[in-house]
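Visitor: Protein chains in written order, with my numbering: chain A, 1 to 268; chain Z, 1 to 401.
Note that CB positions come from ideal geometry on N, CA and C, so glycine has one too.
Sending over a structure as structure tokens; questions will come in a sec.
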């Protein structure tokens, strides 16, 4: 009898990876203690597309991103960025962490946070000059936060905080944008502002990958999906991979059939 | 006399101490800022207590090599080595075991300190070298400070400040958002060690003046003081350095004037006085400002509630509300509104009605999020939007407040 897995698993040699993929992950396993959160996952991100990483809570979505970025140390596996090792191509990635991951009472203003995106450009000692400030302000303008430049970050609403994080990533002028739940707990105006920016990035040929929670907006926001529940379930264009079968495999019985039907309706 | 001390006119030794302490205060304040922002303030306590065995061992080694064991650079080197070992112990304990950082700090601090005290006792009974005064590293002693000692402190303080200047951006990035810092190619573990190494440098050069037990105060109190005055990291480091330097300068001068006053503890007390002043008086984050803000807010709430009661001809039971209305000449003592009161009340009622519609209407979602029952609706909606709402309410179109 032939045994088939939902998705290929095991240790594929890196040489097989499409050399130019903005982010390719092979055999990635991460565990906290003895329990793997991500197990032997391969992912190949398509260039110039918007990809949603989808899965239930605790399925390893954020962990996969963090392992690919070297924020957490994987037990096994590796990632390449535009065909190069991570360290050689770091400057081409911009990461937008979860809003809750930082202390918002930190003594810093909105403009200072965006200037952090220019860290590579400024180096250790270079002074912040007018051109840097102009660049930071332009990034704030793209997310509609110009008026907030001099506010202390603690005075912002959740959605505004998220937009400031996005502006910081924009300042990096990267080619690959990785976002960890950019739409979690934000107001409708912010959600629209963020998706507009992400779509404009795509039209500039940039690649966007976002951990995403809201299944109802997948079709309208993204081109591709990556379904994960510790193990990879499926990967591909929305029309191929975002199917009721795959969603059932990803969420187990946790999605009611009614919910899936609704998603199907949204598609047609 | 005190003025003479402040202006360095009280003799050679006193001036040496004052200058040395001020330099130490500045570098401790600036370095401490990043320690505090990284939420590692207490690690410096472990670092400082872990210097003691090093001092003892360095003394023993120097005596064994034929010296009198009192050379400051040698003692400080010993202190640096053993506090570095203590620091690595804290970091290993937290990384390799399930011990939390506070437990690791407590364990390292007490064991190293205990070991150091045992060593000092052994040295006293050895009778070799000039052991007297070694225990002054506990609380600092400035009486016999030499020019070379001051030079060591000045050089160490300047180097530390330079290192902070060079590392300020990665340290800020790390303190604010370590995950993001990692994606920018900052080695988080190594940068953390760098922050600790700077704290250690300050501790070691501060041993002579304030001693190992109180040096932690010079690292922590100035940044906490500075935090009251600013919302920017760069300014916070500057203000913190200023507070640290000022406290050390005043403290050292005070102890120079009054004989037998210990320098280190006085500096710490002056530093605390600056902190207490800031806590009370700082414009935004201070206790007084917060209290006044609260009172102002309470006043607005009572005023609004009173006006709404007047508009609906309801009785006002709260004495404070009544007093406010009377003071503003909006109501007479018997609770009857004046003409001005009637107009303001009508406006308040209309605003409340407008908010009611705004909150019920999806189209005004973002404006409704700002509803707090107090805000003038004109600050949130445009005149056109208000007109549109007023159409729905009907009634008089113009109300002058």
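1. Distance check for residue 110 of chain A and residue 138 of chain A, CA to CA, integer angstroms please.
2. Thinking C-beta only, is residue 268 of chain Z closer than 8 Å to residue 214 of chain Z?
3. Using a C-beta to C-beta distance shorter than 8 Å, which residues of chain Z count as neighbours of residue 90 of chain A?
4. Can you tell which of Z/305, Z/79, Z/112, Z/43 has the C-alpha that lies nearest to the C-alpha of residue 94 of chain Z?
5. Give the residues from the stretch 90–104 of chain Z that approach chain A closer than 9 Å (Cβ to any Cβ), ordered along the chain.
6. Under a CB-based cut-off of 8 Å, is residue 233 of chain Z close to chain A?
7. Would you check whether the ligand HEM has a heavy atom nearer than 7 Å to the C-beta of residue 349 of chain Z?
8. Helix, strand or coil for residue 80 of chain A, going by three-state DSSP, please let me know.
9. Which residue from Z/109, Z/49, Z/134 puts its Cα closest to that of residue 60 of chain Z?
10. Under 8 Å between beta-carbons, which chain Z residues line up against residue 112 of chain A? List them in chain order, please.
11. Using DSSP with H/G/I as helix, E/B as strand and the rest coil, what is residue 95 of chain A?
12. For residue 283 of chain Z, report the span of its alpha helix (DSSP H) as first-last.
13. Inspect the beta-carbon positions of residue 252 of chain Z and residue 17 of chain Z and report whether they are closer than 8 Å.
14. Closest Cβ-Cβ distance between residue 97 of chain A and chain Z: below 8 Å?
15. Does the stretch 164–181 of chain A come close enough to the stretch 85–101 of chain A that 3 or more CB-CB pairs lie under 8 Å?
16. Could you give the first and the last residue of the continuous beta strand (DSSP E) run that contains residue 210 of chain A?
17. Going by Cα to Cα distance, which pick from A/86, A/225, A/47, A/107 is closest to residue 172 of chain Z?
18. Taking Cβ positions only, does residue 173 of chain Z come closer than 8 Å to chain A?
19. If you count every other CB in all the chains shown that lies within 10 Å of the CB of residue 231 of chain A, and 16 or more means buried, which is it?
20. For chain C, check one thing: does any of its Cβ atoms lie closer than 8 Å to the Cβ of residue 371 of chain Z?
21. Counting beta carbon pairs with one atom in the stretch 323–334 of chain Z and one in the stretch 282–297 of chain Z, are three or more of them shorter than 8 Å?
22. Quick test of the definition: if touching needs 3 or more C-beta pairs under 8 Å, does the stretch 242–258 of chain Z touch the stretch 8–22 of chain Z?
23. Can you give the beta carbon distance from residue 119 of chain A to residue 184 of chain Z, rounded, assuming they're within the 8 Å contact cut?
24. Just the C-alpha distance for residue 1 of chain Z and residue 261 of chain Z, rounded to the nearest angstrom, thanks.
25. Starting from the Cα of residue 200 of chain A, find the closest Cα among A/142, A/113, A/100 and give me that residue.
26. Buried or exposed for residue 147 of chain Z, please, with buried defined as at least 16 other CB atoms from any protein chain shown within 10 angstroms of its CB.
27. Taking 8 Å as the threshold (C-beta atoms), are residue 58 of chain Z and residue 86 of chain Z in contact?
28. Among Z/36, Z/296, Z/353, which has the Cα closest to the Cα of residue 224 of chain Z?
29. Suppose you measure from the CA of residue 34 of chain A to the CA of residue 79 of chain Z; what does that come to, to the nearest Å?
30. Enumerate in chain order the residues of its own chain whose CB-to-CB distance from residue 90 of chain Z is below 8 Å, with the five nearest sequence positions on each side excluded.
31. Of the choices Z/320, Z/377, Z/92, Z/152, whose alpha-carbon is the least far from that of residue 71 of chain Z?
32. Please list, in chain order, the chain A residues whose beta carbon lies closer than 7 Å to that of residue 191 of chain Z.
33. Where does residue 72 of chain A land, buried or exposed, given buried means 16+ other C-beta within 10 angstroms?
34. Just grab the DSSP bridge partners of residue 216 of chain Z for me.
35. Measuring alpha carbon to alpha carbon, tell me which residue in Z/88, Z/116, Z/372, Z/96 is nearest residue 75 of chain Z.
36. State yes or no: is the C-beta of residue 64 of chain A within less than 8 Å of the C-beta of residue 228 of chain A?
Guide: Put simply:
1. For the purposes of this step, residue 138 of chain A is taken as residue 138 along the first chain, with counting starting at 1. For the purposes of this step, residue 110 of chain A is taken as residue 110 along the first chain, with counting starting at 1. So the alpha carbons of these two residues sit roughly 13 Å apart.
2. Numbered from 1 along the second chain, position 214 holds the residue referred to as residue 214 of chain Z. Numbered from 1 along the second chain, position 268 holds the residue referred to as residue 268 of chain Z. Against a cut-off of 8 Å, the Cβ pair of residue 268 of chain Z and residue 214 of chain Z comes out as a contact.
3. In the first chain, the residue the question calls residue 90 of chain A occupies position 90. Those are 183, 184, 185, listed as they occur along chain Z.
4. Taking the second chain and counting its residues from 1, one reaches residue 94 of chain Z at position 94. Of the listed residues, the one whose Cα sits closest to residue 94 of chain Z is Z/43.
5. none
6. Walking along the second chain from the start, residue 233 of chain Z turns up at place 233. It does: the Cβ of residue 233 of chain Z has a partner Cβ on chain A nearer than 8 Å.
7. What this structure holds is no ligand at all, so the ligand HEM is not there to describe.
8. Translated into positions along the first chain, residue 80 of chain A becomes position 80. Correct three-state label for residue 80 of chain A: strand.
9. For the purposes of this step, residue 60 of chain Z is taken as the residue at position 60 of the second chain. It is Z/134.
10. Along the first chain, read from residue 1 onward, the residue named residue 112 of chain A stands at position 112. Going along chain Z in sequence order, the residues near residue 112 of chain A (Cβ under 8 Å) are 232, 233.
11. Numbered from its first residue, the first chain carries residue 95 of chain A at position 95. Three-state DSSP puts residue 95 of chain A in a strand.
12. Within the second chain, numbered from 1, the residue matching residue 283 of chain Z stands at position 283. Unbroken run through residue 283 of chain Z: none, as it is neither H nor E.
13. Residue 252 of chain Z sits at position 252 when you count from the first residue of the second chain. Residue 17 of chain Z sits at position 17 when you count from the first residue of the second chain. Result yes, Cβ atoms of residue 252 of chain Z and residue 17 of chain Z sit closer than 8 Å.
14. In the first chain, counting from the first residue as 1, residue 97 of chain A sits at position 97. Judged by the 8 Å Cβ criterion, residue 97 of chain A is in contact with chain Z.
15. yes
16. As a position in the first chain, residue 210 of chain A is number 210, starting the count at 1. Note, residue 210 of chain A: beta strand (DSSP E), 207–211.
17. As a working note, residue 172 of chain Z is residue 172 in the second chain. Residue 172 of chain Z has its Cα closest to that of A/107, out of A/86, A/225, A/47, A/107.
18. Sequence index remark: in the second chain, residue 173 of chain Z carries index 173 (1-based). Yes - at least one Cβ of chain A is within 8 Å of the one on residue 173 of chain Z.
19. Start at 1 with the first residue of the first chain, and residue 231 of chain A comes out as number 231. Buried: at least 16 other Cβ atoms inside 10 Å.
20. Structure shown: chain C not included; protein chains present are A and Z.
21. no
22. yes
23. Along the first chain, read from residue 1 onward, the residue named residue 119 of chain A stands at position 119. Along the second chain, read from residue 1 onward, the residue named residue 184 of chain Z stands at position 184. That pair is a contact at about 5 Å.
24. What you label residue 1 of chain Z is simply residue 1 of the second chain in a count that begins at 1. What you label residue 261 of chain Z is simply residue 261 of the second chain in a count that begins at 1. When rounded, the distance between both Cα atoms is 15 Å.
25. What you label residue 200 of chain A is simply residue 200 of the first chain in a count that begins at 1. Here the closest residue by C-alpha is A/142.
26. Working through the second chain from its first residue, we reach residue 147 of chain Z at position 147. Residue 147 of chain Z comes out exposed.
27. Numbered from 1 along the second chain, position 86 holds the residue referred to as residue 86 of chain Z. Numbered from 1 along the second chain, position 58 holds the residue referred to as residue 58 of chain Z. For residue 86 of chain Z and residue 58 of chain Z, no; Cβs fall outside 8 Å.
28. On the second chain, position 224 is the one that residue 224 of chain Z refers to. Among Z/36, Z/296, Z/353, the Cα nearest to that of residue 224 of chain Z belongs to Z/36.
29. Taking the first chain and counting its residues from 1, one reaches residue 34 of chain A at position 34. Taking the second chain and counting its residues from 1, one reaches residue 79 of chain Z at position 79. So the alpha carbons of these two residues sit roughly 40 Å apart.
30. Taking the first residue of the second chain as position 1, residue 90 of chain Z is located at position 90. So the list reads 43, 46, 101, 104, 105, 108, once near-sequence residues are dropped.
31. Counting from 1 along the second chain, the entry for residue 71 of chain Z is found at position 71. With distances taken between Cα atoms, residue 71 of chain Z lies closest to Z/152.
32. Indexing the second chain from 1 puts residue 191 of chain Z at position 191. What residue 191 of chain Z touches in chain A: nothing, since even the nearest Cβ is about 12 Å away.
33. Taking the first chain and counting its residues from 1, the one referred to as residue 72 of chain A is at position 72. So residue 72 of chain A counts as buried.
34. Against the second chain, residue 216 of chain Z aligns to sequence position 216. Note: residue 216 of chain Z sits in no beta bridge, so no partner.
35. Mapped onto the second chain, residue 75 of chain Z falls at position 75. Nearest of Z/88, Z/116, Z/372, Z/96 to residue 75 of chain Z, Cα basis: Z/116.
36. Locating residue 64 of chain A in the first chain gives position 64, counting from the first residue. Locating residue 228 of chain A in the first chain gives position 228, counting from the first residue. Closer than 8 Å, so yes.
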